[in-house]
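Worksheet for the structure shown next.
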């Protein structure tokens, strides 16, 4: 899943893709490098990020969706949004797509019903708190058990609504300390209990560059290492900034799996 951030303030590539020419080049690059999905984010979810209006989110998103559907109609689209109205507008414009909801339905009470009505796939992520405050002393009794309980409760609601096409993302970096993130990665296999595809987003995050005392720009090697660990622990989809390198990790991890 190749990341296309069309925001001015994302933690790694904010502001790089806020004009149509660089957006077009980024899309072509992601496709050329072998992305299976293009994940479009029009609202930054970095720690400390402020709110963005729905109209502003749609103003950023709509032209990019049109480009993808007109120039790359076969490309799978994922939209990073927590607003059910944005989901409806996107569906009306491009048809079926994957909803990537960082709030897992917490920020919009109509999200689950909307997913059910439109019959589209849903990626449910876990986040403690909200982007503006999520890294202010996050607390868990047991980070994996607590997240599993939340997932179980929300999955029950989705299944009751007839939603079965669901993916899970434990939400690395979203309301977790560095230590909690590494415990989550070390115990990733425990999420297999749900028998649902697991999505992992580790790309260039602070759990890498803070641990190595570097920067997001210098965190590619660390990202590749952790992606390999995640795949070995059951991750099915990687959300990344660097598709070419991630595809190499996927290929090598697949060879290792075949050898077993």
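In my numbering, the protein residues as written are 347 to 606.
Each residue gets a CB set at the ideal place from its N, CA and C atoms; glycine is no exception.
Alpha carbons only, please: which of the options is nearest the one belonging to residue i?
i	options	result
residue 526	498, 486, 510 and 538	486
residue 579	443, 533, 460 and 414	533
residue 443	529, 556, 461 and 552	461
residue 441	503, 455, 501 and 421	421
residue 582	599, 569 and 591	599
residue 589	352, 515, 375 and 565	375
residue 549	559, 557 and 565	565
residue 452	412, 545, 427 and 605	427
residue 484	370, 431, 368 and 518	518
residue 372	605, 504, 595 and 418	418
residue 436	454, 405, 448 and 449	405
residue 473	482, 555 and 576	482
residue 438	408, 450, 449 and 458	408
residue 596	368, 574, 587 and 402	574
residue 400	576, 352, 523 and 432	432
residue 349	488, 592 and 557	592
residue 523	411, 368 and 553	553
residue 353	403, 393 and 370	403
residue 498	455, 520 and 450	450
residue 541	528, 557, 514 and 561	514
residue 412	379, 369 and 398	369
List the endpoints of the continuous alpha helix (DSSP H) containing residue i.
i	result
residue 400	400-417
residue 596	589-605
residue 424	Taken as a continuous stretch (DSSP letters only), residue 424 belongs to no alpha helix (DSSP H), being part of the beta strand (DSSP E) at 422-426.
residue 454	Careful: residue 454 lies outside any alpha helix (DSSP H) and carries neither H nor E.
residue 433	430-440
residue 554	552-555
Could you give the first and the last residue of the continuous beta strand (DSSP E) run that contains residue i?
i	result
residue 458	Careful: residue 458 lies outside any beta strand (DSSP E), inside the alpha helix (DSSP H) at 457-464.
residue 568	Looking at the DSSP string, residue 568 is not in any beta strand (DSSP E); the run it does join, the alpha helix (DSSP H), is 566-578.
residue 386	383-387
residue 471	468-471
residue 350	348-351
residue 376	Not the beta strand (DSSP E): residue 376 falls in the alpha helix (DSSP H), residues 366-378.
residue 586	Unbroken run through residue 586: none, as it is neither H nor E.
residue 559	Residue 559 -> no beta strand (DSSP E), and no H or E assigned at all.
What is the C-beta distance between residue i and residue j, in whole angstroms, given that I count them as a contact (C-beta under 8 Å)?
i	j	result
residue 424	residue 471	Not confirmed; about 12 Å, so no contact.
residue 445	residue 468	5 Å
residue 546	residue 501	Not a contact, Cβ separation roughly 18 Å.
residue 391	residue 477	5 Å
residue 351	residue 396	At roughly 15 Å, the Cβ-Cβ gap does not stay under 8 Å, so residue 351 and residue 396 are not in contact.
Exercise. Are at least three pairs of beta-carbons, each pair with one atom in the stretch 494-511 and one in the stretch 378-392, less than 8 Å apart?
Worked result: At 8 Å Cβ cutoff, the stretches do not touch.
Exercise. Could you give the uninterrupted runs of the beta strand (DSSP E) lying entirely in the stretch 474-547, keeping only those of 3 residues or more?
Worked result: Segments of the beta strand (DSSP E) lying fully in the stretch 474-547: 512-515.
Exercise. Given 8 Å as the limit, is there contact between the stretch 488-507 and the stretch 528-547, that is, 3 or more CB pairs closer than that?
Worked result: Because the criterion of three Cβ pairs below 8 Å is met, the stretch 488-507 and the stretch 528-547 touch.
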